[in-house]
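Enquirer: For the sequence shown, numbering that gives the first Met the number 0 begins at 0 and goes up steadily by one. All C-beta atoms, glycine included, are put in the ideal place defined by N, C-alpha and C. The structure displayed is predicted, hence computed values, not measured ones.
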Amino acid sequence: MKTIIVTGASSGVGQAAVTQFSRQGFNVFGLARHATQQPQLPNVHMIDVDLTDAEQVKSAVAQILTLTDHIDVLANIAGTAVNGAIEQVPITEAKQTFDVNVFGTLTLIQQTLPTMRRQGHGRIITVSSMVNQVVQPFFGWYAATKAALDVLSDDLRAEVQQFGIQVSVLQPGGIETPMASQSDAFLKYGTHAYARLAAKVHQAMTTTATKNLTPEQVATLIYQVATTRKPQYYYPVGYGARAAVIANRLLPKRLLTKIALGGFKSSKAVKGGAANVLNQ
Ligand SMILES: NC(=O)c1ccc[n+]([C@@H]2O[C@H](COP(=O)([O-])OP(=O)(O)OC[C@H]3O[C@@H](n4cnc5c(N)ncnc54)[C@H](OP(=O)(O)O)[C@@H]3O)[C@@H](O)[C@H]2O)c1
Numbered sequence: 000m001k002t003i004i005v006t007g008a009s010s011g012v013g014q015a016a017v018t019q020f021s022r023q024g025f026n027v028f029g030l031a032r033h034a035t036q037q038p039q040l041p042n043v044h045m046i047d048v049d050l051t052d053a054e055q056v057k058s059a060v061a062q063i064l065t066l067t068d069h070i071d072v073l074a075n076i077a078g079t080a081v082n083g084a085i086e087q088v089p090i091t092e093a094k095q096t097f098d099v100n101v102f103g104t105l106t107l108i109q110q111t112l113p114t115m116r117r118q119g120h121g122r123i124i125t126v127s128s129m130v131n132q133v134v135q136p137f138f139g140w141y142a143a144t145k146a147a148l149d150v151l152s153d154d155l156r157a158e159v160q161q162f163g164i165q166v167s168v169l170q171p172g173g174i175e176t177p178m179a180s181q182s183d184a185f186l187k188y189g190t191h192a193y194a195r196l197a198a199k200v201h202q203a204m205t206t207t208a209t210k211n212l213t214p215e216q217v218a219t220l221i222y223q224v225a226t227t228r229k230p231q232y233y234y235p236v237g238y239g240a241r242a243a244v245i246a247n248r249l250l251p252k253r254l255l256t257k258i259a260l261g262g263f264k265s266s267k268a269v270k271g272g273a274a275n276v277l278n279q
């Protein structure tokens, strides 16, 4: 029986992935701070872990290795977001976001790699985001954590391919989960001089929210990545994801910035260009 570790198992995409892999007969270890509060499913072991606590991560992996001698797949799905003007987001909250998304994820990767190396195979699938492929005001801190994951995944892949370990990154657009419904929290840190631009971004996001993916669609993709013979390095998915990746590769940043601000320029408040808004 194949074994998978799924983080973010208590909500959204991670919860859907636990269900999906359980149905497909995997031996599933679901990790989250509130994992054991979830309903029991066949072949699923839930473990309460705060990814920002290295000792908890170590002891969770040790616990898993008392129940199985192999880890075929690690699905890094857990994540958190702080949104708002880069100037206004408190550095403590920005650090906390890096702690969960980057250092927490990498702590677990470090703990699972020895087993994957020993067995001579393994798959590491990390959920990043499309947000770091576009210029997106108020999402900078969160996007930076995901960009860090992309870079670390590229270098990790080059290091561990020799051991038969494959590394894939999903770059989804919006997903209908608790995180998406809290994404307008940037209005909290998009005030005063930033309030008008924040209102435009909010309006644009409300319009595209109907095009969000479902957590089940993303979980199905994770299952495909886990089981396909030759997984891709990157999977941009969801509304506008492929176009964003291509635009990011081909267009100069000046134009990408104009497009981002042009997309939010829909009232007299920002007439005369985004610079008027940004300079207030
Ligand atoms: N929703 C979107 O629009 C969207 C778009 C693109 C990418 N993504 C990415 O997709 C992934 C899944 O997000 P989602 O939308 O499913 O979010 P979600 O419903 O808010 O779930 C986040 C999960 O992360 C876990 N988590 C948070 N902090 C943790 C910590 N310190 N230690 C351990 N687990 C922690 C949470 O569990 P506990 O609270 O129980 O710890 C929860 O299970 C994330 O990486 C997110 O960045 C989301």
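Would you say the beta carbon of THR18 is closer than 6 angstroms to some non-hydrogen atom of ligand 1?
Expert: Counted from its first residue, the sequence shown places residue 18 at position 19. Not under cutoff, so the answer is no.
Enquirer: Thinking C-beta only, is GLU175 closer than 7 angstroms to ASN211?
Expert: In the sequence shown, the residue the question calls residue 211 occupies position 212. In the sequence shown, the residue the question calls residue 175 occupies position 176. In contact: ASN211 and GLU175 (Cβ atoms closer than 7 angstroms).
Enquirer: Give me the Cβ distance between ASN100 and LYS145, rounded to the nearest whole Å; I'm assuming they're in contact under 8 angstroms.
Expert: What you label residue 100 is simply residue 101 of the sequence shown in a count that begins at 1. What you label residue 145 is simply residue 146 of the sequence shown in a count that begins at 1. 7 angstroms between Cβ atoms; contact.
Enquirer: Taking the runs of the alpha helix (DSSP H) that are 4 residues or longer, which of them lie wholly in the region 193 to 269?
Expert: Runs of the alpha helix (DSSP H) inside the region 193 to 269: 194 to 207, 214 to 226, 240 to 249, 252 to 262.
Enquirer: Excluding the five sequence neighbours on either side, which residues of its own chain have a C-beta within less than 6 angstroms of the C-beta of GLU92, listed in chain order?
Expert: Numbered from its first residue, the sequence shown carries residue 92 at position 93. Counting only Cβ-Cβ distances below 6 angstroms, and skipping sequence neighbours, we find VAL81.
Enquirer: CB VAL224 to CB ILE76, shorter than 7 angstroms?
Expert: As a first step, residue 224 is located in the sequence shown; it is residue number 225 there, counting from the start. As a first step, residue 76 is located in the sequence shown; it is residue number 77 there, counting from the start. Result no, Cβ atoms of VAL224 and ILE76 do not sit closer than 7 angstroms.
Enquirer: Using only CA atoms, which one of THR79, TRP140, SER127 lies nearest to VAL150?
Expert: Locating residue 150 in the sequence shown gives position 151, counting from the first residue. Nearest option by C-alpha distance: SER127.
Enquirer: ARG122 by DSSP, collapsed to three states: which one?
Expert: The residue you call residue 122 lines up with position 123 of the sequence shown. Three-state DSSP puts ARG122 in a strand.
Enquirer: Let me confirm a value: ARG122 is counted as buried when at least 16 other C-beta atoms fall within 10 Å, else exposed. Which label applies?
Expert: Mapped onto the sequence shown, residue 122 falls at position 123. With 16 or more other Cβ atoms within 10 Å, it is buried.
Enquirer: What separation, rounded to the nearest whole angstrom, lies between the Cα atoms of ASN275 and HIS69?
Expert: Position 276 of the sequence shown holds residue 275. Position 70 of the sequence shown holds residue 69. At ASN275, the pLDDT of 27 sits below 50, so the modelled position is not reliable and the matter cannot be decided from this model.
Enquirer: Based on the DSSP output, what are the partners of SER167 in its beta bridges?
Expert: Start at 1 with the first residue of the sequence shown, and residue 167 comes out as number 168. Note: SER167 sits in a beta bridge opposite ILE124.
Enquirer: Taking the straight line between their C-alpha atoms, what separation do you get for LYS267 and THR104?
Expert: In the sequence shown, the residue the question calls residue 267 occupies position 268. In the sequence shown, the residue the question calls residue 104 occupies position 105. With a pLDDT of only 40 at LYS267, under the threshold of 50, the placement of this residue in the model should not be trusted; the figure read from the coordinates follows. Straight-line Cα distance between these residues: approximately 44 angstroms.
Enquirer: Look at the alpha carbon of GLY237 and the alpha carbon of ALA61, and state the distance between them as a whole number of angstroms.
Expert: Stepping through the sequence shown from its first residue, residue 237 is reached at position 238. Stepping through the sequence shown from its first residue, residue 61 is reached at position 62. Their backbone Cα atoms lie some 36 angstroms apart in a straight line.
Enquirer: Taking the beta carbon of THR205 as the centre, do at least 16 other beta carbons fall within 10 Å, making it buried, or is it exposed?
Expert: What you label residue 205 is simply residue 206 of the sequence shown in a count that begins at 1. By the 10 Å Cβ count, THR205 comes out exposed.
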